[in-house]
Amino acid sequence: MNLTSPPAPTTTAQAHDQTHDQPLPHRVDPAAAVAAARPHGTPAEVLGQTLVMAWRALKKMRRNPEQFFDVTVQPLLFTAMFAYIFGGAISGGVKAYLPVLIPGIVAQTVLTTCMATGVQLREDMEKGVFDRFKSLPMARIAPLAGPMIADLVRYLIAAGLTFVAGLLIGYRPGGGALGVLGAMLLAIITGWSLAWIFTWLGTISKSAKSVQGFSMLILFPLTFLSNAFVPVQTLPGWLADFVKVNPVSHLVSGTRALSNNGTISGEVGWTLLACAVVVLVFAPLSTRSYRKHL
Amino acid sequence: MATAGKAVEAIGLRKDFGKFRAVDGIDLEVRQGEIFGVLGPNGAGKTTALRMLATLLPIDGGRAEVFGVDVATEPHRIRQLIGITGQYASVDEDMTATENLWMFGRLQGLRSADARATARRLLAQFSLEEAADRPIAQFSGGMRRRLDLAASLITRPPLIFLDEPTTGLDPRTRGEMWDTIRGLVDEGCTVLLTTQYLDEADQLAGRIAVLDRGRKVAEGTPEQLKASVGNSTLQLHLAPGADTEQARQVVLRVAGAEPVLTPESGRMNVPLDTADLAADVLIGLRQADVSIVSVSVSQPTLDEVFLALTGHGAESGEDASHGGAPADSATTTLELL
Chain L
97 MNLTSPPAPT TTAQAHDQTH DQPLPHRVDP AAAVAAARPH GTPAEVLGQT
147 LVMAWRALKK MRRNPEQFFD VTVQPLLFTA MFAYIFGGAI SGGVKAYLPV
197 LIPGIVAQTV LTTCMATGVQ LREDMEKGVF DRFKSLPMAR IAPLAGPMIA
247 DLVRYLIAAG LTFVAGLLIG YRPGGGALGV LGAMLLAIIT GWSLAWIFTW
297 LGTISKSAKS VQGFSMLILF PLTFLSNAFV PVQTLPGWLA DFVKVNPVSH
347 LVSGTRALSN NGTISGEVGW TLLACAVVVL VFAPLSTRSY RKHL
Chain F
1136 MATAGKAVEA IGLRKDFGKF RAVDGIDLEV RQGEIFGVLG PNGAGKTTAL
1186 RMLATLLPID GGRAEVFGVD VATEPHRIRQ LIGITGQYAS VDEDMTATEN
1236 LWMFGRLQGL RSADARATAR RLLAQFSLEE AADRPIAQFS GGMRRRLDLA
1286 ASLITRPPLI FLDEPTTGLD PRTRGEMWDT IRGLVDEGCT VLLTTQYLDE
1336 ADQLAGRIAV LDRGRKVAEG TPEQLKASVG NSTLQLHLAP GADTEQARQV
1386 VLRVAGAEPV LTPESGRMNV PLDTADLAAD VLIGLRQADV SIVSVSVSQP
1436 TLDEVFLALT GHGAESGEDA SHGGAPADSA TTTLELL
């Protein structure tokens, strides 16, 4: 899937036959239309519709650059802030703390980024154009999955900028370029998968504000009650137990192993498994409640 | 089981919003190739009924078929047979007209080049070419409405739902919209439109159903509907110096009714049982050498129609207390077919 070059209506990139404008059939034939109407879309159609919705979301991002505020400012600010504030206390120095901190921040930014998915979907659903999407013979999952594909760009920016910020203040990842790329990929996959939870919240909530509220409630404990910023050994036993099962911890550990050592640890497997479970549960839930929302 | 000749068949259509019954057992039958008007005040259930037929709202009771396809069980097929244009433009505000039409075309399975060609054709057809690359946010109300209608026609669906297509439009734009709607039928489409204006239903629709508080209170051709309301009024403006008394005599003799003299000099209103009598009055005046400046026959207003059909005016149905008992509006129903 080539997401960076969505089909553009104004340029003629496709090599379709454009020799003549569409011939206009003279009369509308209801019987033929009824015969041609199929009860379901094909998987290829569903994919096509999803990509069109992704194109729409990307177009919106380009026209509203303030949407990128969270994925640009947060990684830079948090990385610098946490490194200089906690570095000395936790690891005895900024440079020694960076291998711990950077993967943690990557996980945190990607998670906050995927929270925005639900809020934006909720806002979008209020608009008149969603009425038309509902009246078209298109897959109900397309308006949900399309924006999530476009959001991959946001995860990429969030994860990429965090590493750049780390590199600028002295982080030298032991895993090399490949390890860092692997870590970013893992974070992006996780962000995309968890975004389904927030998409589901978006489809069941009354307003964008309530999505925001709920999301913070879920996200804050998950990111801070993990090993993202502190070593687990320093925590009291009951908290350490929670931190160990927290999926965010698995993500952080997996990302650390990749970027610091270039190794794919078992944590990566656990993370991907958790992602698969989340998608399998929340994608159908979201589609169902979106369909009911009509 | 396809029922040939019918575009829409709804039986006992019902919709509840909590305790409020918005649509209360409506039967509708729309024949292929006609313009069918659903007339009623705000809150009568017009839009709700339309949205149920268009698969945008679940049907709570009764059933509906579009070209013989069941609306409740085969929504995906229905969506391939209909186009819908609502009261509020359902197009993407952040995109240009071309982008909107291209996107809706792509979502309905057109290839990119075909979607582009269709967008161009529709923009030309709806005189929107100059605004093709402007964001919708800068569009006027009439332009929005036209684009919205264009977006409903991309795949040339055989049935078009129009929800109050001209509400809020200026008279000239309204006339253009009427022409467009007539053009759709010429191409073989069937149109089901809702409106608050008797005038609009009269101009466009071959048959009309009148809704009130979620129920159908009358159905028939515009002529039947208006005839049931009775009197139209002939307004005469006599030429300066014309003999008012003589004119009065003529009217009395021909129409059998006393003309009402209005305060302006030389003007009188004549109540008529049927509009046909207007011609007789005019001939009578001509024979009596009473010359006139202008003449008009006024149609009954929606409010008068409603008064005649329901015993109350065309106030918003939401305000009217509409509890469990649908009361006597059903018993005084005037079935015109």
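Line by line, the protein sequences are chains L and F.
Sequential numbering from 97 applies to the first sequence in our numbering.
Sequential numbering from 1136 applies to the second sequence in our numbering.
In this text, a Cβ means the ideal position worked out from N, Cα and C, and glycines have one as well.
- Residue nearest to L:I314 within the set L:V326, L:F294 and L:A304 is L:F294 (criterion: CA-CA distance).
- The beta strand (DSSP E) runs lying completely inside the stretch 1198-1273 of chain F and spanning 3 residues or more are 1217-1220, given in chain order.
- DSSP places L:D125 in no alpha helix (DSSP H); its state is neither H nor E.
- Under the three-state reduction of DSSP output, L:P343 falls in the helix class.
- With respect to the C-alpha of L:Y180, the residue from L:L321, L:V169 and L:Y193 having the closest C-alpha is L:Y193.
- Taking a 10 Å sphere around the C-beta of F:A1145, we find 16 or more other C-beta atoms and assign the residue as buried.
- At a C-beta separation below 8 Å, F:V1204 has these neighbours in chain L: V130 and A133.
- A straight line joining the alpha-carbon of L:K305 with that of F:G1140 spans about 49 Å.
- Identification of chain F residues near L:V148 by a Cβ-Cβ cut-off of 8 Å yields M1238, R1241 and L1242, ordered along the chain.
- CA-to-CA, the gap between L:E219 and L:T146 works out to about 19 Å.
- Nearest CB-CB separation between L:D247 and chain F: not below the 9 Å threshold.
- Taking all protein chains shown into account, L:T351 has 16 or more neighbouring C-beta atoms within 10 Å of its C-beta and is therefore buried.
- Distance from the Cα of F:S1287 is smallest, within the candidate group F:V1173, F:I1217 and F:I1427, for F:I1217.
- At a cut-off of 9 Å between beta-carbon atoms, F:T1182 makes no contact with chain L.
- DSSP places L:P239 in the uninterrupted alpha helix (DSSP H) bounded by A238 to L264.
- Residues of the same chain with a CB within less than 7 Å of the CB of F:G1196, apart from the 5 flanking positions on each side, are G1147 and R1149 in chain order.
- In the structure shown, L:R228 adopts helical secondary structure according to DSSP, grouped into three states.
- Neighbours of F:I1194 across chain L, judged by C-beta separation under 8 Å, do not exist; the nearest C-beta is about 11 Å away.
- When only Cα atoms are considered, F:R1255 and F:T1233 end up about 7 Å apart.
- Checking the DSSP bridge columns, you'll see L:E363 has no partner listed.
- Setting aside the 5 residues that flank it on each side, F:R1281 is surrounded in the same chain by F1261 and L1263, each with a C-beta closer than 7 Å to its C-beta; the list follows chain order.
- Sequence-distant partners of F:D1378 (beyond 5 residues in either direction) whose C-beta falls short of 7 Å from its own C-beta, in its chain, are V1425.
- Think of a sphere of 7 Å around the beta carbon of F:I1219: the chain L residues whose beta carbon falls inside it are S231, in chain order.
- Setting aside the 5 residues that flank it on each side, F:P1270 is surrounded in the same chain by E1228, D1229, M1230 and T1231, each with a C-beta closer than 8 Å to its C-beta; the list follows chain order.
- Under DSSP, L:F310 takes part in no beta bridge, so it has no partner.
- The stretch 223-242 of chain L makes no contact with the stretch 193-212 of chain L: fewer than 3 CB pairs, one atom from each, lie closer than 8 Å.
- Cβ atoms of L:P161 and L:L257 stay farther apart than 8 Å, at about 15 Å.
- Interface criterion met: the Cβ of F:M1230 is under 9 Å from a Cβ in chain L.
- Only K223, G224, V225, F226, D227, R228, F229, K230, S231, L232, P233 and M234 from the stretch 211-236 of chain L bring a Cβ to less than 8 Å from some Cβ of chain F.
- The beta-carbon of L:K340 is placed no less than 9 Å from the nearest beta-carbon of chain F.
- Measuring C-alpha to C-alpha distances from L:P343 to each of L:I360, L:L354 and L:W366 identifies L:W366 as the nearest.
- Closer than 8 Å at the C-beta level to chain L, one finds these residues of the stretch 1290-1302 of chain F: R1291, P1292, P1293 and L1294.
- Cβ neighbours of L:V326 within its own chain (closer than 7 Å, five residues either side excluded): I186.
- Think of a sphere of 7 Å around the beta carbon of F:Y1223: the chain L residues whose beta carbon falls inside it are G224, in chain order.
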